[in-house]
Amino acid sequence: EVQLVESGGGLVQPGSSLKLSCVASGFTFSNYGMNWIRQAPKKGLEWIALIYYDSSNKYYADSVKGRFTISRDNSKNTLYLEMNSLRSEDTAMYYCAKWGEGFDYWGQGVMVTVSS
Amino acid sequence: DIQMTQSPSLLSASVGDRVTINCKASQNINKYLNWYQQKLGEAPKLLIYNTNNLQTGIPSRFSGSGSGTDYTLTISSLQPEDFGTYFCFQHNSWLTFGSGTKLEIK
Chain A
443 EVQLVESGGG LVQPGSSLKL SCVASGFTFS NYGMNWIRQA PKKGLEWIAL IYYDSSNKYY
503 ADSVKGRFTI SRDNSKNTLY LEMNSLRSED TAMYYCAKWG EGFDYWGQGV MVTVSS
Chain B
1093 DIQMTQSPSL LSASVGDRVT INCKASQNIN KYLNWYQQKL GEAPKLLIYN TNNLQTGIPS
1153 RFSGSGSGTD YTLTISSLQP EDFGTYFCFQ HNSWLTFGSG TKLEIK
């Protein structure tokens, strides 16, 4: 059974940093691209970052480009999202998602709140 | 960027109803269109990929159709567990979601 478990969220002040993790199991992690997607409270879904299976390519939404960094450690079956210069508009539930034909499996999400 | 316009944004229906949700892309997305269901407090779940392919484990009352810029999700006979929010998603050019359709009990 595919499982994705996010961690690392919390309440932080504007301008600060946070690093999210997503531990994968139930599939060969090193064979698949992975993504981060977020959902602001009572809002829609926004894809924010993807990384190829071998980390050879990384792509970002304009809203986070230059502030967020996606990475992975295939030896630990773990995906990361390093978030810097956080803003109030980054407040959201953050999901990691496996790429199959689209996002075929999602974690349960981790909440990030940016507020003073 | 490709914009995805979903309609309706809110849909009230009864158990047993046939329901359709529409998604219109701002340009041709070559059938690279997925549908997701999200229930309150849960992560989205993939229902249909590439317009009309049912994800493993999804009931056959769900179906998808479309081409070019216009796509439709159909639920043939609404069940109590089908209520929630539905999102379309295109992966032809970059990655964008529709704004969602909230399906509620009439």
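Listed in order, the protein sequences are those of chains A and B.
Throughout, my numbering is defined as the position within the first sequence, counted from one, plus 442.
Throughout, my numbering is defined as the position within the second sequence, counted from one, plus 1092.
Where is the CB? At the ideal position from N, CA and C, for every residue including glycine.
Helix, strand or coil at residue i according to DSSP, with G and I counted as helix
{"i": "N1120(B)", "result": "coil"}
{"i": "E543(A)", "result": "coil"}
{"i": "E448(A)", "result": "strand"}
{"i": "E443(A)", "result": "coil"}
{"i": "E531(A)", "result": "helix"}
{"i": "S1106(B)", "result": "coil"}
{"i": "E1173(B)", "result": "helix"}
{"i": "F471(A)", "result": "helix"}
{"i": "D1162(B)", "result": "strand"}
{"i": "T1143(B)", "result": "coil"}
{"i": "T1148(B)", "result": "coil"}
{"i": "S1157(B)", "result": "strand"}
{"i": "A503(A)", "result": "coil"}
{"i": "A482(A)", "result": "coil"}
{"i": "K518(A)", "result": "coil"}
{"i": "Y1178(B)", "result": "strand"}
{"i": "N1184(B)", "result": "coil"}
{"i": "Y494(A)", "result": "coil"}
{"i": "S463(A)", "result": "strand"}
{"i": "N1134(B)", "result": "According to the sequence as given, residue 1134(B) is Glu; it is not Asn. Reduced to three states, the DSSP call for E1134(B) is coil."}
{"i": "I1094(B)", "result": "coil"}
{"i": "Q1129(B)", "result": "strand"}
Test item: CB-CB of residue i and residue j under 8 Å
{"i": "W548(A)", "j": "L492(A)", "result": "no"}
{"i": "C1180(B)", "j": "L1102(B)", "result": "no"}
{"i": "A534(A)", "j": "V554(A)", "result": "yes"}
{"i": "S513(A)", "j": "S497(A)", "result": "yes"}
{"i": "E448(A)", "j": "Y502(A)", "result": "no"}
{"i": "F471(A)", "j": "V444(A)", "result": "no"}
{"i": "V1107(B)", "j": "L1170(B)", "result": "yes"}
{"i": "Q455(A)", "j": "S558(A)", "result": "yes"}
{"i": "T1161(B)", "j": "Q1119(B)", "result": "yes"}
{"i": "F545(A)", "j": "N473(A)", "result": "no"}
{"i": "S1168(B)", "j": "R1110(B)", "result": "yes"}
{"i": "D532(A)", "j": "V556(A)", "result": "yes"}
{"i": "T1143(B)", "j": "G1158(B)", "result": "yes"}
{"i": "I479(A)", "j": "A539(A)", "result": "yes"}
{"i": "K1198(B)", "j": "A1105(B)", "result": "yes"}
Contacts around residue i, its chain only, beta-carbon distance under 8 Å, and the 5 residues preceding and following it disregarded
{"i": "T1188(B)", "result": "D1093, I1094, Q1095, M1096, F1181 and Q1182"}
{"i": "S530(A)", "result": "P456, V556 and S557"}
Contact set for residue i: own chain, Cβ-Cβ below 6 Å, skip 5 residues either direction
{"i": "T1112(B)", "result": "T1164 and T1166"}
{"i": "N1184(B)", "result": "I1121, N1122 and Y1124"}
{"i": "G1190(B)", "result": "M1096, Q1098, C1115, F1179 and C1180"}
{"i": "A466(A)", "result": "L446 and N519"}
{"i": "T511(A)", "result": "E524"}
7 Å Cβ shell around residue i - same chain, five flanking residues per side excluded
{"i": "Y1141(B)", "result": "N1126 and Q1147"}
{"i": "I1150(B)", "result": "L1139"}
{"i": "Y494(A)", "result": "G475"}
{"i": "L487(A)", "result": "I479 and Q481"}
{"i": "S458(A)", "result": "L528"}
With a threshold of 8 Å, are at least 3 pairs of Cβ atoms found where one atom belongs to the stretch 511 to 525 of chain A and the other to the stretch 452 to 466 of chain A? yes
Give me the subset of the stretch 1142 to 1157 of chain B whose CB atoms are less than 8 Å from a CB atom of chain A, sorted by chain position. N1142, N1145 and Q1147
Using a Cβ-Cβ cut-off of less than 7 Å, give me the residues of the stretch 532 to 557 of chain A that come near chain B, in sequence order. Y537, E543, G544, F545, D546, W548, G549, Q550 and G551
Going along the chain, which residues of the stretch 451 to 480 of chain A sit with their C-beta nearer than 9 Å to a C-beta in chain B? N477 and I479
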